[in-house]
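Keeping their order, the protein sequence lines are chains F and W.
One rule links them: number in the numbering used here = place in the first sequence (from 1) + 309.
One rule links them: number in the numbering used here = place in the second sequence (from 1) + 309.
Note that CB positions come from ideal geometry on N, CA and C, so glycine has one too.
Protein chains: 2
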Amino acid sequence: MTQTSSRLLKLLSLLQARRDWPGNELAERLEVSGRTIRRDVERLRELGYPVESLTGPAGGYRLRAGSAMPPLLLDDEEAIAIAVGLRTAARASVTGIEETAVRALVKLEQVLPAHLRRRVGALGSATFTLPMAGPTVDPQHLTAIAAASRDSECLRFGYRRRDGTDSRREVEPHSLVNLGRRWYLVAWDRGRQDWRTFRIDRMARPASTGVRFTPRRLPAKDAAAYVEQSIAGAPNRYEARVTLLAPAEEVAKRVPSHWGTIEPLDARTCEYRTGDDDLGWLALRIAMLGFDFEVQEPPELLEHLRALALRLERAAA
Amino acid sequence: MTQTSSRLLKLLSLLQARRDWPGNELAERLEVSGRTIRRDVERLRELGYPVESLTGPAGGYRLRAGSAMPPLLLDDEEAIAIAVGLRTAARASVTGIEETAVRALVKLEQVLPAHLRRRVGALGSATFTLPMAGPTVDPQHLTAIAAASRDSECLRFGYRRRDGTDSRREVEPHSLVNLGRRWYLVAWDRGRQDWRTFRIDRMARPASTGVRFTPRRLPAKDAAAYVEQSIAGAPNRYEARVTLLAPAEEVAKRVPSHWGTIEPLDARTCEYRTGDDDLGWLALRIAMLGFDFEVQEPPELLEHLRALALRLERAAA
DNA sequence: GGGATTGAGGACAGATCCTGACCTAAATAG
DNA sequence: CTATTTAGGTCAGGATCTGTCCTCAATCCC
């Protein structure tokens with residue numbers, strides 16, 4: 310039966326690689342009779358994959374989108390592209406899919422052949438995040454932590470506290486949480502015998518110890534809630550409100566909707582609101598818009614702008 | 310034997326969803342005897358998927374990375390994350406995997422269930438590209454064009470020439486090429502009866518006509534070469550060389566390696582080289598580094614910096 | 001070290017399924 | 001209208017699958 314199964318997979322793979330396939334070409338490729346191809350197509354349909362067919366000359370088979378995801382059959386290059394894409398998605402921190410991206414990445418990396426993993430690593434060193442975007446998180450850390458947490462394995466890492474002191478931790482990872490542009494791990498600290506949240510960018514060399522544990526119940530609704538309550542007060546977040554000297558429509562064309570909101574003030578100006586943890590980053594984002602503007606708040610933003618303007622002037626001198 | 314095949318797929322899916330699986334749990338889930346599970350594992354191994362097994366208590370099965378990619382079995386959320394990740398990867402224009410990312414995206418979108426496609430579209434509207442990054446390319450255009458080109462189907466679109474005049478085109482798409490931060494389509498223009506290259510960001514509503522064509526031979530080594538020769542002279546590219554007043558090591562920590570090269574000049578300064586088509590974008594990239602700097606070349610960069618500094622000063626006033 | 005747990009795999013029998021061959025029907029492009 | 005292409009019924013021989021039963025081997029824990 311491994312013959313039939315692998316042939317079905319190959320068939321699915323062919324149907325994903327090109328859209329239209331005449332039956333006899335499939336038969337040739339899979340080295341079976343046309344009748345068997347028809348039966349295989351029937352089987353795929355039974356399994357829920359919608360294979361369309363057209364009769365007549367220029368007819369053939371075609372895999373449509375169905376109601377469920379079929380298994381994806383990727384070649385090496387595509388697998389790499391997906392791995393790299395997921396890494397950037399995990400750091401995008403704009404769309405709210407970061408955690409899922411990491412989960413998918415863990416799944417993919419588990420089965421990614423070694424030679425491909427090396428290539429992904431090489432490409433991955435091309436960091437996409439902007440220099441000013443604050444502390445960056447190593448995607449390899451993310452996947453290592455997510456894998457340990459998925460498989461209920463203890464995790465060991467070095468951790469630098471807020472005050473700068475270093476320590477080594479051994480924890481039972483519960484879940485990985487993305488908030489704003491930061492990643493947190495919620496875990497039971499085995500040394501301290503209590504729940505803790507850790508910032509991933511403060512970790513050093515996280516690695517599974519291989520020791521399994523039985524998951525504990527988190528004393529909170531969910532991990533995200535736990536992180537929020539435990540960093541309450543800390544995140545010093547800034548909300549910027551600036552007036553742009555440009556029509557709202559024109560601004561809207563250039564500003565991604567998730568980067569803030571635009572409200573028209575009059576025919577020639579509009580108000581732009583956006584928030585961030587990092588003032589420097591906030592200043593740049595506004596400067597990059599390419600329009601003249603006036604800062605309404607916060608006042609701290611003005612200082613950053615002044616500093617930036619000075620630096621540019623010095624350079625342009 | 311759709312039963313055995315679908316069971317094998319389910320088994321593969323389970324093995325991808327978690328790392329360790331005891332045999333009897335698999336047997337329960339798949340509603341077969343333990344013996345059949347062992348046989349299924351054997352079958353997977355025959356198909357080339359390396360399934361490890363450990364005996365003893367706490368033993369079980371585990372899917373390792375092999376030498377070839379197994380079919381990826383994704384849940385809905387993961388499929389969305391991958392689609393979004395690939396979209397950003399297609400636009401990243403830094404790593405050299407954009408074209409593969411588009412190919413993978415075409416494959417995925419072909420089978421992406423409708424409800425998921427809607428969600429991807431909603432998320433996709435959160436444009437990630439930076440506002441200043443120049444003309445953005447709609448990923449839906451990219452996939453539409455890539456699909457037509459993969460399937461040898463004619464493509465129709467509106468095109469705005471360099472001089473601003475609009476026209477409608479019907480072409481036989483040959484391939485999609487990514488150069489720098491721009492996308493080009495190499496195609497046989499049916500109206501003009503000749504080869505042409507089109508910039509994707511100048512296209513309007515590209516769509517397959519459904520008409521099939523037989524691929525022609527391109528009069529060049531490959532599509533990338535053809536694009537390069539046909540836009541020779543046009544791309545007005547700038548190479549910047551600036552001196553940063555900061556030690557090379559410190560800069561290296563903040564600058565992604567693909568965004569330019571860093572050469573130490575002395576203990577306290579270094580030289581940063583980077584290139585781009587867009588001067589404004591170039592200026593920002595340097596300003597964002599967060600270090601004092603001096604521009605060596607090009608002179609045009611100075612003007613942009615001055616303009617930017619002025620704008621910031623006005624805002625900070 | 002001993003016992004319990006878990007995977008490995010041979011053998012068997014009955015049921016099921018697969019394949020290719022052959023044939024007819026229906027749809028479609030030119 | 002004709003050639004092409006998928007749809008699918010039927011048949012027969014061979015291959016495959018499954019569960020049961022059993023014996024081994026590796027590993028963990030007491």
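Checklist entry - From MET597 of chain W to GLN538 of chain F, what does the alpha carbon distance come to, in whole angstroms? => result Translated into positions along the second sequence, residue 597 of chain W becomes position 288. Translated into positions along the first sequence, residue 538 of chain F becomes position 229. Distance between the alpha carbons of MET597 of chain W and GLN538 of chain F is about 33 Å.
Item to check | Continuous alpha helix (DSSP H) stretch holding ILE346 of chain F: start and end | outcome: What you label residue 346 of chain F is simply residue 37 of the first sequence in a count that begins at 1. Where ILE346 of chain F is concerned, the enclosing alpha helix (DSSP H) stretches over 343–355.
Checklist entry - Beta carbon of LEU488 of chain W, beta carbon of THR452 of chain W: below 8 Å? => result On the second sequence, position 179 is the one that residue 488 of chain W refers to. On the second sequence, position 143 is the one that residue 452 of chain W refers to. In this structure, THR452 of chain W does not lie closer than 8 Å to LEU488 of chain W by Cβ.
Item to check | Best match in F:VAL520, F:ALA561, F:VAL495 for proximity to ALA532 of chain F [C-alpha to C-alpha] | outcome: Looking up residue 532 of chain F in the first sequence gives position 223. Among F:VAL520, F:ALA561, F:VAL495, the Cα nearest to that of ALA532 of chain F belongs to F:VAL495.
Item to check | Given 8 Å, three or more beta-carbon pairs between the stretch 386–395 of chain F and the stretch 354–369 of chain W | outcome: The way I'd put it, the stretch 386–395 of chain F doesn't touch the stretch 354–369 of chain W; fewer than three beta-carbon pairs between them come closer than 8 Å.
Checklist entry - Looking at C-beta atoms only, is the number of pairs between the stretch 341–350 of chain W and the stretch 337–349 of chain F that lie closer than 8 Å three or more? => result no
Checklist entry - Between which two residues does the beta strand (DSSP E) containing ILE540 of chain W stretch? => result For the purposes of this step, residue 540 of chain W is taken as the residue at position 231 of the second sequence. Run containing ILE540 of chain W: none; DSSP gives neither H nor E here.
Checklist entry - Out of curiosity, what's the CA-to-CA distance linking ALA377 of chain F and LEU383 of chain W? => result Locating residue 377 of chain F in the first sequence gives position 68, where the first residue counts as 1. Locating residue 383 of chain W in the second sequence gives position 74, where the first residue counts as 1. Looking at the two C-alpha atoms, the distance is approximately 10 Å.
Next on the checklist: One question on the structure: do TYR370 of chain W and VAL393 of chain W come within less than 8 Å of each other, judged by their Cβ atoms?
Outcome noted: Stepping through the second sequence from its first residue, residue 370 of chain W is reached at position 61. Stepping through the second sequence from its first residue, residue 393 of chain W is reached at position 84. No, Cβ-Cβ distance for TYR370 of chain W and VAL393 of chain W is not below 8 Å.
Checklist entry - Should LEU527 of chain W be counted as a contact of the ligand HEM given a C-beta to heavy atom distance under 7 Å? => result The ligand HEM is absent from the structure shown, which contains no ligands of any kind.
Next on the checklist: Output needed for VAL604 of chain F: all residues of its chain with C-beta closer than 6 Å, excluding positions within five of it in sequence on either side, in chain order.
Outcome noted: As a working note, residue 604 of chain F is residue 295 in the first sequence. Excluding residues within five positions, the ones whose Cβ falls inside 6 Å are VAL551, LEU610, LEU611.
Next on the checklist: Can you confirm whether PRO556 of chain F, when its beta carbon is compared against all beta carbons of chain W, has any partner nearer than 8 Å?
Outcome noted: Your numbering for residue 556 of chain F matches position 247 in the first sequence. Not one chain W Cβ lies under 8 Å of PRO556 of chain F.
Checklist entry - Does the beta carbon of LEU494 of chain F come closer than 8 Å to any beta carbon on chain W? => result Within the first sequence, residue 494 of chain F is the residue found at index 185, counting from 1. It does not; no Cβ of chain W falls within 8 Å.
Checklist entry - Among residues of its own chain, excluding the 5 on either side of ALA457 of chain W, which ones have a beta-carbon nearer than 6 Å to its beta-carbon? => result As a position in the second sequence, residue 457 of chain W is number 148, starting the count at 1. LEU464, PRO482, SER517, listed in sequence order.
Item to check | Any C-beta of chain F under 8 Å from that of PRO440 of chain W | outcome: The sequence position of residue 440 of chain W within the second sequence is 131, counting from 1. Unreliable positioning characterises PRO440 of chain W in this predicted model, as indicated by a pLDDT of 41, which lies under 50. The coordinate reading is nonetheless provided below. With 8 Å as the cut-off, PRO440 of chain W counts as an interface residue toward chain F.
Checklist entry - Quick one, are the C-beta atoms of LEU588 of chain W and GLU580 of chain W less than 8 Å apart? => result Indexing the second sequence from 1 puts residue 588 of chain W at position 279. Indexing the second sequence from 1 puts residue 580 of chain W at position 271. Cβ distance not < 8 Å, so LEU588 of chain W and GLU580 of chain W don't count as in contact.
Checklist entry - Using a beta-carbon distance cut-off of less than 7 Å, what residues from the stretch 340–366 of chain W approach chain F? => result ARG352, GLU355, LEU356
Checklist entry - Who does TRP504 of chain W pair with in a DSSP beta bridge? => result Position 195 of the second sequence, counted from the start, is the residue given in the question as residue 504 of chain W. Per DSSP, W:TRP497.
Checklist entry - Measuring CB to CB, does ALA624 of chain F end up less than 8 Å from ILE595 of chain F? => result Position 315 of the first sequence, counted from the start, is the residue given in the question as residue 624 of chain F. Position 286 of the first sequence, counted from the start, is the residue given in the question as residue 595 of chain F. In this structure, ILE595 of chain F does not lie closer than 8 Å to ALA624 of chain F by Cβ.
Item to check | Residue environment, HIS424 of chain F, which counts as buried when at least 16 other CB atoms sit within 10 Å | outcome: As a first step, residue 424 of chain F must be located in the first sequence, where it is residue number 115. When all chains shown are included, HIS424 of chain F counts as exposed.
Item to check | Range covered by the beta strand (DSSP E) that runs through THR518 of chain F | outcome: Along the first sequence, one-based indexing puts residue 518 of chain F at 209. Note, THR518 of chain F: beta strand (DSSP E), 512–521.
Checklist entry - So, helix, strand or coil for ALA413 of chain F, using DSSP? => result As a first step, residue 413 of chain F is located in the first sequence; it is residue number 104 there, counting from the start. Helix at ALA413 of chain F.
Next on the checklist: Strictly under 8 Å for the Cβ-Cβ distance: is MET378 of chain F near chain W by that measure?
Outcome noted: The residue labelled residue 378 of chain F in the question sits at position 69 within the first sequence. It does; some Cβ of chain W falls within 8 Å.
Checklist entry - Quick one: does PHE602 of chain F have its CB under 8 Å from some CB of chain W? => result As a working note, residue 602 of chain F is residue 293 in the first sequence. Chain W places a beta carbon closer than 8 Å to that of PHE602 of chain F, counting this residue as a contact.
Item to check | Spatial neighbours of LEU439 of chain W in its chain, beta-carbon cut-off 6 Å, leaving aside the 5 residues before and after | outcome: Here residue 439 of chain W corresponds to residue number 130 of the second sequence, with the count starting at 1. In this prediction, LEU439 of chain W scores a pLDDT of 45, lower than 50, which makes its location untrustworthy; the coordinate-derived value is nonetheless stated afterwards. Taken in chain order, the list of residues that qualify is empty.
Next on the checklist: Run through the DSSP bridge pairs and tell me what ARG550 of chain W is partnered with.
Outcome noted: Here the question's residue 550 of chain W lines up with position 241 in the second sequence. According to DSSP, which records beta bridges pairwise, ARG550 of chain W is partnered with W:ARG582, W:GLU606.
Next on the checklist: If the criterion is Cβ atoms closer than 8 Å, does the pair PRO379 of chain F and VAL429 of chain W meet it?
Outcome noted: The count along the first sequence starts at 1 and reaches residue 379 of chain F at position 70. The count along the second sequence starts at 1 and reaches residue 429 of chain W at position 120. No, the pair does not count as a contact, with Cβ atoms beyond the cut-off.
Checklist entry - Taking the C-alpha atoms as reference points, what is the distance between ILE628 of chain W and VAL360 of chain W? => result With chain W covering only 310 through 626, there is no way to say anything about residue 628 of chain W.
Checklist entry - Is DSSP giving GLY467 of chain F helix, strand or coil here? => result As a working mapping, residue 467 of chain F is identified with position 158 in the first sequence. Three-state result, GLY467 of chain F: strand.
Checklist entry - If we call anything under 8 Å between Cβ atoms a contact, is LEU485 of chain W one with TRP504 of chain W? => result Start at 1 with the first residue of the second sequence, and residue 485 of chain W comes out as number 176. Start at 1 with the first residue of the second sequence, and residue 504 of chain W comes out as number 195. In this structure, TRP504 of chain W does not lie closer than 8 Å to LEU485 of chain W by Cβ.
Checklist entry - Which first and last residues belong to the alpha helix (DSSP H) in which ARG594 of chain W is found? => result Position 285 of the second sequence holds residue 594 of chain W. Segment 588–596, the alpha helix (DSSP H) holding ARG594 of chain W.
Checklist entry - Around the Cβ of GLN325 of chain W, are there at least 16 other Cβ atoms within 10 angstroms (buried) or fewer (exposed)? => result Within the second sequence, residue 325 of chain W is the residue found at index 16, counting from 1. GLN325 of chain W should be labelled buried.
Item to check | 8 Å Cβ cutoff, LYS319 of chain W in contact with chain F | outcome: Sequence index remark: in the second sequence, residue 319 of chain W carries index 10 (1-based). Judged by the 8 Å Cβ criterion, LYS319 of chain W is not in contact with chain F.
Next on the checklist: Quick check on the burial criterion: 16 or more other C-beta atoms within 10 angstroms. Buried or exposed for ALA398 of chain W?
Outcome noted: Here residue 398 of chain W corresponds to residue number 89 of the second sequence, with the count starting at 1. So ALA398 of chain W counts as buried.
Item to check | Euclidean distance between Cα positions of LEU335 of chain W and GLN449 of chain F | outcome: To locate residue 335 of chain W, count along the second sequence from 1; it is residue 26. To locate residue 449 of chain F, count along the first sequence from 1; it is residue 140. Roughly 30 Å separates the two Cα atoms.
Next on the checklist: Contact defined as beta carbons within less than 8 Å: I believe TYR493 of chain W pairs with ILE509 of chain W. What is the distance between those atoms, to the nearest angstrom?
Outcome noted: Along the second sequence, one-based indexing puts residue 493 of chain W at 184. Along the second sequence, one-based indexing puts residue 509 of chain W at 200. Between ILE509 of chain W and TYR493 of chain W the Cβ distance is about 7 Å, and since that is below 8 Å, they are a contact.
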